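Position 430, counted from 1, in the sequence shown is what my numbering calls 1824; the numbers after and before it change by one each time, with no gaps. Input: a single structure, listed below in structure tokens.
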Amino acid sequence: MLFKGSRLILLVLLMAFAAVINAQTIPTNRKLSTQYSNGVDANAQTYDAQGRPLSRKPKGGDSLQRRNRFADSITIFYRYYDSTRTRSLDSSISDFYTRFHIPYTNISIANLGSASKSALFSPILKPGWDAGFHQFDVYKFTVENTKFYQTTRPYTELGYMLGSKAEQLINFTHTQNRKSNFNFSLEYRFSNAPGLYRLQNASHNNLRFTSHYQGNSKRYEAFFILISNKHAASENGGLDTVNKLQRLSLGDPYEVPTRLSFATQSSRNPFNTNVNTGNTYKESIFLYRHQYDFGQRDSLVTDSVTYQLFYPRFRIQHTLQLSSNEYVYRDVFAFDSLYKNYFNYTLRTPAVANFPDTLMFKDKWNNIKNEFALITFPDKNNQAQYAKVGTGLQNLQFIGNDTVTKKNFYNFYLLGEYRNRSRNNIYDIEATGQLYLSGLNAGDYSAYISFKRQLSKKIGTLQLGFQNTNRSPSFIYNALTSFPVRAHQPFKKENTTHLFAAYENPKLAFKLMGDYYLVNNYAYSDSFFTVNQYATLINILHIGAEKMFKLTRHLNFYSEAHLQQVTGNAPVNIPFLLTRNRIAFEGNFYTNLFLSTGLEFRYYTNFKVDNYSPFTGQFFNQNTFTTSNRPDINFFFNFRIKSFKAFVRIENLNTINTSTGSFDKYNFNAQQYPGVGLWTRLGIWWNFIN
């Protein structure tokens, strides 16, 4: 009876949600003629200047008409910057990580917003200038992941997630077409977490504005991107004594002292986003790409409308990018005793060692990049096939900690690209190259080629690729940086060869992928303040697989596994096995209710996980601490009603202490950095159509 009563309560709650929600559905089977395509469907739905569907005139004289099913619907798609492939919005609910911006393959040292690094080997494969600070990359808006939308109606998505200890995440996206040839979008994301331990509050603000315009003649086209990223994360240096977690007088891990603070210096406040001890990074990006096409004009005439067509054959393209990056570590309560005892770093003379000092390291960069390119289209009916050659000039200004130290640099480089995706999507070829001829990073280069082909609809698709990158070590390895980095030796260029393959069979819900890396002169950090270079060739093999098993009508099992192997004694610490498995009860219940609920398991084998330096923002190689973690176990309950999506999660069930009944068997993500215990999250994402 109790089970039946619970089912009845659940049914009533879901029906209540259905009664409240009055959002619109988003069909995906309609065709739309836009500036992204030169083809026109004469029978396609037409729209007014505001993007509202126009009713077709009735053929008869009847006054009673069937309601237009397009009146409350929308056609929307997007493509990424520097891509010609159109994509549809993802409305699935089976995987929380399609909405959460931190992938399950990442390991974070603490709570949401803290330094994070992939457990899979992920070297930097871009030549040229790099500042060297990447611990917050997973929280950033970037040019590469920028979306340009095309929509028939204004579209808005609101997202909000609330977690334990006042953790919160806010997402906002809005896009609309003012005219059929002009679209703009606005994205904002804010995350804030006070943290479970002292000095762990972290907040991230991300803002992105885009616009896309194409002239009426379809010759001139412009793309605009404005991005602002601010990352602010307090740093505690880890717990001073891990064993104190088992002797808490109040049962709160906040009691445990940390290496970079005294008890009087910190307090847990969900409304405080200030960072007195920690890192604050700021980034601003302004990008404007415009192009002019030469080609053939044509028209398509129907009974009442004439559609103007244009087929580009030759394009002149210019891209201007302005950016500013500021990286700051600041400790306004720096005590020499803490830095000396835990990190062997001296701040003051012994005479005044017991008084706090203000410590700050700061690098600032201003970057201006101009690219000019010529593009040709061999096949007028296939805009996904083109060849591109160009050149670029980059001007860099470095400003040191004292604001007096200023250095100007430049880079001059050549670029080339060829892409060919067949109209029937049978094959997809991509080849790119970049060579730095002179300047700060002279001699850097990158060569990339990928071939993807659909073997058949039953067999699936196969992709093969090769990449070779020769790059200068990041600037934080340079003696000019204001950060306290000491090098063991002069650095040579780092060379990485990457061979990769992927096989996908959508019919069997199966993916198989492989990566093989050859790295020479691998640059890495080996302590809190020192960096080094490994001259011996490193071989790294990665094999991954994904598969969905249908156990019953509504019971599915999702499995993902990654195997990694490093040869010799290379300074690369990665787990041999990383796997995530989900067993979910899911399906379409009632008319508009989609449900997915079950358990999620994540596990990686014990390995010498990298330690973390809060002063330089680097994860560094160590050989004294080995993880011994339990598998992560999370419960999830996800559902969707029309355009309303909800995600309920109870995480870290594995931390239960069976002897006391509390959740204090913490996993460790780095030495002296324990994770969190039982953690709950409730997130909602809701789409609106105007």
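Note that CB positions come from ideal geometry on N, CA and C, so glycine has one too. Since the structure is predicted, the reported quantities are computational estimates derived from the model, not experimental observations.
- The alpha-carbon of GLU1824 is positioned some 24 Å away from that of LEU1514.
- Annotation: the continuous beta strand (DSSP E) that includes TYR1614 extends over 1614-1628.
- LEU1639 sits in a helix when the DSSP states are folded into three classes.
- A Cβ-Cβ contact shorter than 8 Å links GLY1854 with GLU1898.
- DSSP places ALA1560 in the helix class (H, G or I) of the three-state scheme.
- In the three-state DSSP reduction, TYR1498 falls in the coil class, being neither helix nor strand.
- ILE1621 is classed as buried because its beta carbon has at least 16 other beta carbons within 10 Å across all chains shown.
- DSSP places ILE1870 in the helix class (H, G or I) of the three-state scheme.
- One Cα belongs to GLY1631, the other to VAL1532, and the distance between them is close to 21 Å.
- When C-alpha distances from LYS1734 are compared across LEU1654, GLN1690, ASP2058, the shortest belongs to LEU1654.
- When the five nearest sequence neighbours on each side are left out, the beta carbons in the same chain lying within less than 7 Å of the beta carbon of LYS1852 are those of LYS1901, in order along the chain.
- Straight through space, the alpha carbons of GLY1908 and PHE1803 are spaced by roughly 38 Å.
- DSSP places PHE1737 inside the alpha helix (DSSP H), whose first and last residues are 1730-1737.
- Contact between TYR1474 and THR1540 holds, with the beta-carbon distance rounding to 7 Å and staying under 8 Å.
- Across the structure, ALA1626 and TYR1675 are spaced so that their CA atoms are roughly 7 Å apart.
- Residue range 2073-2083 is occupied by the beta strand (DSSP E) that includes TRP2079.
- Here the C-alpha atom of LEU1753 lies approximately 10 Å from the C-alpha atom of ASN1670.
- Among the bridge pairs identified by DSSP, ASN1933 is matched with LEU1912.
- Classified as exposed, VAL1695 has fewer than 16 neighbouring CB atoms from the shown chains inside 10 Å of its CB.
- Uninterrupted beta strand (DSSP E) stretches at least 3 residues long and entirely within the region 1474-1540 occur at 1500-1502, 1510-1512, given in chain order.
- Between the region 2054-2067 and the region 1994-2012 there are three or more C-beta pairs closer than 8 Å, enough to call the two in contact.
- Judged by beta-carbon spacing, THR1973 lies within the 8 Å limit of TYR1997, meaning their Cβ atoms are closer than that value.
- When secondary structure is reduced to three states using DSSP, LEU1906 falls in the strand class.
- C-alpha of THR1546 to C-alpha of ASP1751: approximately 58 Å in a straight line.
- Spanning the alpha carbons of SER2037 and ASN2081 requires a straight line of approximately 5 Å.
- Residue ranges of uninterrupted beta strand (DSSP E) with 3 or more members, entirely inside the region 1548-1603 and ordered along the chain, are 1549-1557, 1562-1573, 1576-1587.
- By the C-beta criterion, the region 1701-1716 is judged to be in contact with the region 1757-1768, since at least 3 inter-stretch pairs fall below 8 Å.
- With 16 or more other Cβ atoms inside 10 Å of its own Cβ, LEU1681 counts as buried.
- When secondary structure is reduced to three states using DSSP, LYS1901 falls in the helix class.
- Collapsing the DSSP output to three states places LEU1694 in a strand.
- The straight-line gap separating the alpha-carbon atoms of HIS1892 and THR2049 is approximately 38 Å.
- In the three-state scheme derived from DSSP, where H, G and I count as helix and E and B as strand, THR2049 is classed as helix.
- A straight-line Cα-Cα distance of about 11 Å links PHE1704 and TYR1614.
- For GLU1811, the enclosing beta strand (DSSP E) stretches over residues 1800-1815.
- Counting of Cβ neighbours within 10 angstroms places PHE1771 among the buried residues, the total reaching 16 or more.
- Among the bridge pairs identified by DSSP, ILE1470 is matched with THR1545.
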